[in-house]
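Protein chains in written order, with my numbering: chain A, 1 to 359; chain B, 360 to 842; chain C, 843 to 1097. What follows is a short report on a single structure.
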Amino acid sequence: MTEAQIIETLLDFIAADGTTDDEFSPLALEIFAYQFENNIPYQRFCRQREKTPRTMQSWRNIPAVPINGYKDLTLSCCDPEAAERIFMTSGTTKNGVRGKCHHPTLSVYDTSMITAFRQRFMQEHTKLRMGILFPTEQTMPNSSLAHYLALALNEFGSDGSRYLFNDDGLDHEQLFAELDRAEQTGKPYALLGASFSFVHVMDKMSHLGKTVSLPEGSRILDTGGFKGQSRELELNEFYDLLEARFGVPRDHCINMYGMTELSTEFYDWGNATCPSVKSGPHWIRSQIVNPLTGEELPKGDKGILVHCDLAHFNCVSSILTEDAGIELDDGFLLLGRAEGAEAKGCSMAVDEFLKAAQG
Amino acid sequence: MALRAGYLPGINANDVEWQTLTYDRDGQAIEVSVPLLSDEQMKGLSGRIKEASRQHLKSMAVSDITATIDATIARLLDRNDTYRQQAEEYLPLITGYDAEMVRLGLTGYLKTFRQSELRRFVAEDFVNPKILDEFQPLPKGGYGRAYGPDLLAHIWAGNVPGLPLWSLISGLLVKAGNIGKVPSTEPLMASWFAHIIAEIDPKLGQCLAVVWWKGGDVDREQALLNQADLVMAYGNNDTLHQIRDRTPITTRCLTYSHKVSFGMVSKAALDTGKAWEVAHQAAYDIVRYDQQGCYSPHLFFVEQGGAVTPQEFAQYIANELDCFEEKFPRRSLTIEEASGVAAWRQSEEMKSFSEENNAVMGDANGAWSVAYSEAEEDLAPSGLNRTAKVISVKQLDDVPARIAPYKAFLQTVGIAAAPEELQRLAGMLGAVGVTRISALEHMTAPEAGWHHDGRFNLLDLVTMTEVERSAETAAEAFSDYVD
Amino acid sequence: MNFDGKIVLVTGSSRGIGAAIAKAFAGEGATVIVNYVKNVDAADEVVAACKEAGGDAIAIQADVTSGEQIQALVDQTLMDFAKIDIVVNNAFKPYTFDPDNRKQFWDLEWQDYQDQLDGALFSTYTMCQAVLPALKKRTQGSIINMASDLVARPTIPYHDYTTAKSALIGFSRNLAMELGPLGIRVNCVAPGLVYPTDASRKTKERVKEMIVAQTPMRRIASPEDITGPVMFLASDWSRFMTGQTLYVDGGLVMK
Chain A
1 MTEAQIIETL LDFIAADGTT DDEFSPLALE IFAYQFENNI PYQRFCRQRE KTPRTMQSWR
61 NIPAVPINGY KDLTLSCCDP EAAERIFMTS GTTKNGVRGK CHHPTLSVYD TSMITAFRQR
121 FMQEHTKLRM GILFPTEQTM PNSSLAHYLA LALNEFGSDG SRYLFNDDGL DHEQLFAELD
181 RAEQTGKPYA LLGASFSFVH VMDKMSHLGK TVSLPEGSRI LDTGGFKGQS RELELNEFYD
241 LLEARFGVPR DHCINMYGMT ELSTEFYDWG NATCPSVKSG PHWIRSQIVN PLTGEELPKG
301 DKGILVHCDL AHFNCVSSIL TEDAGIELDD GFLLLGRAEG AEAKGCSMAV DEFLKAAQG
Chain B
360 MALRAGYLPG INANDVEWQT LTYDRDGQAI EVSVPLLSDE QMKGLSGRIK EASRQHLKSM
420 AVSDITATID ATIARLLDRN DTYRQQAEEY LPLITGYDAE MVRLGLTGYL KTFRQSELRR
480 FVAEDFVNPK ILDEFQPLPK GGYGRAYGPD LLAHIWAGNV PGLPLWSLIS GLLVKAGNIG
540 KVPSTEPLMA SWFAHIIAEI DPKLGQCLAV VWWKGGDVDR EQALLNQADL VMAYGNNDTL
600 HQIRDRTPIT TRCLTYSHKV SFGMVSKAAL DTGKAWEVAH QAAYDIVRYD QQGCYSPHLF
660 FVEQGGAVTP QEFAQYIANE LDCFEEKFPR RSLTIEEASG VAAWRQSEEM KSFSEENNAV
720 MGDANGAWSV AYSEAEEDLA PSGLNRTAKV ISVKQLDDVP ARIAPYKAFL QTVGIAAAPE
780 ELQRLAGMLG AVGVTRISAL EHMTAPEAGW HHDGRFNLLD LVTMTEVERS AETAAEAFSD
840 YVD
Chain C
843 MNFDGKIVLV TGSSRGIGAA IAKAFAGEGA TVIVNYVKNV DAADEVVAAC KEAGGDAIAI
903 QADVTSGEQI QALVDQTLMD FAKIDIVVNN AFKPYTFDPD NRKQFWDLEW QDYQDQLDGA
963 LFSTYTMCQA VLPALKKRTQ GSIINMASDL VARPTIPYHD YTTAKSALIG FSRNLAMELG
1023 PLGIRVNCVA PGLVYPTDAS RKTKERVKEM IVAQTPMRRI ASPEDITGPV MFLASDWSRF
1083 MTGQTLYVDG GLVMK
């Protein structure tokens, strides 16, 4: 298939509602064959794994690239120069190198985001007044999260929705004005942003002794974890605090799990209990594997998450994350990053060595 | 049967809070109770050990101490002895290591503590071992005697069976009272050793104790650090840093940090007749305790120009690891350990895409992997758990300069080379910080009396008391036979 | 026996024993490379039968007496499948087993021997050289070379043919020695007279009856009789066997 055909097929697939393995697998294999042919570093990776389109029977066997691969390799089917947009990874970088995901068009990404966001976050609402606790897309053109939040605001934000962020960071004054306004009008309000921004806001509120009670139907979307950008909180503590500070019940506090290396996001149905069950729309599937053998683990066993995201058609659809998880009937539990263990003896492990060698 | 770790002379077991550690490997669960002492109990125990060490141990002759240790080791070597039988049964379950590997490993290791070896051990550090028993004339004049501390605290780490015996025996040889803290990963061996000592010589049994607390329990650790005269600690740099920071300034703290070891293979060893055997030896060093020891090799620098190329040598090692998997299967890994191995393997795979001749070999179950590289690579640890890297080099003489920046982490180098090469390389490696050079196949079994990390195991533990000639001379003036 | 995901290369597998071997592997889930020289239709039929049997297959044309063509065969296999697990060297120079019209020693020229050596030994040598880098890289693999029970019992002295097959067994043992430390096994299967194949079609009833009479199992081998031992040597069931020759002739030869 050509790029244009892939895009067209994908847009149809996303628009179709609910699909079975039998429908997912053939498209996944076609996209794999496309990536194998047009993405030479990925082809080398697959050959090292002794997998080719010819030997592939199910999406479950498609070789998943470790997300670190994006830092070492340029994984793009289209000419990287011709990409409409490049999203770069944040967080811990290897030798300061950031992984890049090239998007020849954002049409698939946007459709994927909008379709899932409507189902999972908006639910009964068509529009909500929104406040975004994150920089704008113009400030961070290579951030997929900035683009995601911009889409949310443009597609689903009612009049008056705005960024609560300025050049100096969080704009507390405007934020509190918005919160107070929402409280007075009694109209549902949505607050969206990075998890660590919420921590900063709540620390500030605690300092000021401020709490608000947002109107019924209001909701919160946090994403990305704390990543050393704020103090680390236990999830239960975090959602308790959200509920206490903003008056949004925990089951209306949605956590989005996404990453630059995907074009589709996972959501939970609120965080009344933690860890919550995450699931994604029908064009993304996940597996829990043994990271060493790539073997899929039985339901209920702890392993590492692999995602196969058809919408991420230009790079690689199947990625091996660094996140531990457990598969359930209706999704998976996200258990945080699986760090490499330290040696059991007196031998030195890689992480420790790197730390020590860098002084 | 409930297994109990620890050894607490003078404390009634009923007065102690016991915690249960559970080891569950491949469906065979086993529980071990470990003692958690209160601050008071630790203080009391320390006091009694110090007292017993002063009263009893200091007056024993070194030869008597070695005789008791020898008798203790003899029991641990005797396959009919109940302690030995327990060791063979439970250590594999606790550590996950293959039972046969543990059995052979224990015997090989314990053999290095027989009486003749212990005497060699003492003689390594003391030209005149009698200096531990009584004042001996010193070459510079006067007399000197070496005293061990009254209380030597050991903070052990790791799961390589029996490793704590090293420092515990060192402590006894210099007549120190000992309290050792065992790690949760292998709490039994040191405990059994202490029990046997006490059975053989009850008085000597009053001079040592084995305790436990959960790693990171700062308060309990502090309780011991406050009492000790000398501290020996093992672990990663962060742990050691904390221990050293909390050790009182007047107490010496000897630290043994994690290390990286590697192998070197000369083209002289790579003819079609011998290369296979060298690969077999290299693989054995990788397999022993799944590379958890500081002396375990992470990588091999292999010289080009032999009949067998470095790449083929890597393939030989791969096949040898595959064969060893039949003989000594690798222990099963936790998801975190598996992630560590996977991360290493993946990063090596990534490199192989940009370096034409690099390759990564491994079995489908991830039981072992070998990476091969022709690039100019620096020293870096492998993913452990039977993962190793073969780096092709033009000549071995280039290696020391490459590893020089990592001086602080170097320990053992296993070498297969001709005599004159060995001589030359030894000089170059010693200069950049390597402290031990062995043959391949022997990397993980240091000989008796080796100098761990290049230090003097016994000499580091003692303080000298010197009677200077002036005191002797002056004393003469006060004798009753003075003219 | 499960050969799911295994890539099996069988030379000369458009017909006869080779075709039977290809189909048998496919029946256990393997992907088979069906190599042929001339008869593309026959090869395509084997491919279709392999798929029918539950495996996968492709046909690749290559003359195994040409080093270049063998290299191209291996390269294409690796391009499509990224690895090779099993190689069955089955192809040989066409030879007519006709006891009544065979050449006697004094009729033979060295070229007759040379032709058979090229067909049996040179082709196997070349294939092994070509496929070895891929096997070494994985430190695993199984090579099976097709010999003949005539090596042990020259019931009819087909000098040139049998000499070449004898050489093949010696070749295989040496190769087994060399490749053992690299985790690669090399074995031979030595069938007796197999009927019907193109090569044995001219064998007279009288000869067959003579062989049957001396064979404990009291019949002549069919191509399907040969496939079991080949697959056994290809599988993990024989993972500790190398340098062996299995005689598959109903007990005619006992060694």
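Glycine included, each C-beta is placed from N, C-alpha and C at the ideal position.
Please compile the residues from chain B whose C-beta is within a distance smaller than 8 Å of the C-beta of residue i.
i, result
"Arg-980/C", "Met-720"
Hey, quick one: how far does the alpha helix (DSSP H) through residue i stretch, first residue to last?
i, result
"Asp-1067/C", "1065–1076"
"His-600/B", "596–605"
"Trp-525/B", "523–532"
"Ser-1014/C", "1001–1021"
"Tyr-148/A", "144–156"
"Asn-987/C", "No alpha helix (DSSP H) holds Asn-987/C; the beta strand (DSSP E) holding it covers 983–988."
So residue i is in the beta strand (DSSP E); what residue range does that whole segment cover?
i, result
"Asp-167/A", "Taken as a continuous stretch (DSSP letters only), Asp-167/A belongs to no beta strand (DSSP E), as it is neither H nor E."
"Val-826/B", "822–826"
"Phe-332/A", "331–337"
"Arg-1043/C", "Careful: Arg-1043/C lies outside any beta strand (DSSP E) and carries neither H nor E."
"Phe-621/B", "619–624"
"Asp-309/A", "302–309"
"Ile-67/A", "Counting along the chain, Ile-67/A falls outside any beta strand (DSSP E), and DSSP gives it neither H nor E."
"Val-876/C", "873–878"
"Val-570/B", "567–570"
List, in chain order, every chain C residue whose beta-carbon is nearer than 7 Å to that of residue i.
i, result
"Gln-674/B", "Lys-978, Thr-981, Leu-1024"
"Ala-775/B", "Near Ala-775/B there are no residues of chain C at all, since even the closest Cβ is about 16 Å away, more than 7 Å."
"Ala-681/B", "According to the sequence provided, residue 681/B is Asp. The question's Ala does not apply to it. The contacting residues are Thr-981, Gly-1025."
For residue i, return the contacting residues in chain A, with the cut-off set at a CB-CB distance below 7 Å.
i, result
"Pro-740/B", "Met-348, Ala-349, Val-350, Phe-353"
"Lys-925/C", "Glu-50"
I want to verify the contact list: residues of chain A whose CB lies under 9 Å from the CB of residue i, in sequence order.
i, result
"Thr-873/C", "Arg-54, Thr-55"
Under the assumption that residue i contacts residue j (Cβ atoms under 8 Å), give the Cβ distance between them as a whole number of angstroms.
i, j, result
"Glu-183/A", "Leu-164/A", "At roughly 15 Å, the Cβ-Cβ gap does not stay under 8 Å, so Glu-183/A and Leu-164/A are not in contact."
"Val-570/B", "Ala-553/B", "In fact, because the Cβ distance is near 10 Å, the residues do not count as touching under 8 Å."
"Leu-738/B", "Ala-775/B", "The pair is not a contact, with the Cβ atoms about 19 Å apart (cut-off 8 Å)."
"Ala-845/B", "Thr-631/B", "The question about residue 845/B has no answer here: the residues shown for chain B are numbered 360 through 842."
"Val-700/B", "Gly-725/B", "7 Å"
"Gln-1120/C", "Ala-891/C", "Absent from the model: residue 1120/C. The displayed extent of chain C is 843 to 1097, so no value can be given."
"Met-56/A", "Leu-27/A", "Going by Cβ atoms, the distance from Met-56/A to Leu-27/A rounds to 13 Å, so no, they are not a contact pair."
"Leu-567/B", "Ile-408/B", "7 Å"
Cβ closer than 7 Å: which chain B residues qualify as neighbours of residue i?
i, result
"Leu-328/A", "None at all; the shortest Cβ gap to chain B is about 17 Å."
Anything in chain B within Cβ reach of residue i, meaning under 9 Å, just list it in chain order.
i, result
"Pro-66/A", "Ala-701, Ala-702, Gln-705, Ser-706, Glu-708, Met-709"
Check the Cβ of residue i against every Cβ in chain A and list those closer than 8 Å, keeping chain order.
i, result
"Asp-922/C", "Thr-52, Arg-54"
"Ile-694/B", "Asn-290, Pro-291, Lys-302, Gly-303, Ile-304, Ala-324, Ala-338"
What in chain C is Cβ-close to residue i, meaning under 9 Å?
i, result
"Asn-678/B", "Thr-981, Gln-982, Gly-1022, Pro-1023, Leu-1024, Gly-1025, Ile-1026"
Open item on the list: So within the region 535–559 of chain B, which uninterrupted alpha helix (DSSP H) runs reach at least 4 residues, ignoring any that extend past its ends?
Closed with: Runs found: 547–559.
Open item on the list: Quick check for students: name the residue ranges of the beta strand (DSSP E) that lie wholly in the region 645–725 of chain B, counting only runs of 3 or more.
Closed with: Fully enclosed beta strand (DSSP E) runs of 3 or longer: 656–662, 718–721.
Task: Contact set between the region 628–649 of chain B and chain C, restricted to residues whose Cβ is under 8 Å from the partner - done: Within the region 628–649 of chain B, the residues whose Cβ lies closer than 8 Å to any Cβ of chain C are, in chain order, Trp-635, Ala-638.
Task: Interfacial residues, the region 34–49 of chain A to chain B, with Cβ spacing under 8 Å - done: Taking 8 Å as the Cβ-Cβ cut-off, the region 34–49 of chain A approaches chain B at Pro-41, Arg-44, Phe-45, Gln-48, given in chain order.
- [ ] Quick one: which unbroken alpha helix (DSSP H) runs of 4-plus residues sit fully inside the region 75–117 of chain A? Chain order, please.
- [x] Counting only runs of 4 or more, we get 107–117.
- [ ] Note down, in chain order, all residues in the region 292–311 of chain A with a beta-carbon under 7 Å from any beta-carbon belonging to chain D.
- [x] Checking the listed chains, one finds no chain D in this structure; the protein chains it contains are A, B and C.
TODO: Could you pull out every unbroken beta strand (DSSP E) segment of at least 3 residues lying fully inside the region 177–227 of chain A, listed in chain order?
DONE: Counting only runs of 3 or more, we get 189–194, 219–223.
Open item on the list: At a CB distance below 8 Å, what residues from the region 59–90 of chain A approach chain B? Give them in sequence order.
Closed with: Those would be Pro-66, Asn-68, Gly-69, Asp-72, Leu-73, in chain order.
Open item on the list: Any C-beta of chain A within less than 9 Å: which residues of the region 611–628 of chain B qualify?
Closed with: Answer in chain order: Tyr-615, Ser-616, His-617, Lys-618, Val-619, Ser-620.
Task: Every unbroken alpha helix (DSSP H) within the region 238–320 of chain A, with a cutoff of 4 residues, ordered by chain - done: For secondary structure counted as the alpha helix (DSSP H) over 4 or more consecutive residues, the region 238–320 of chain A holds no complete run.
Open item on the list: At 3 residues or longer, what runs of the beta strand (DSSP E) sit wholly inside the region 884–951 of chain C?
Closed with: Runs found: 898–903, 928–931.
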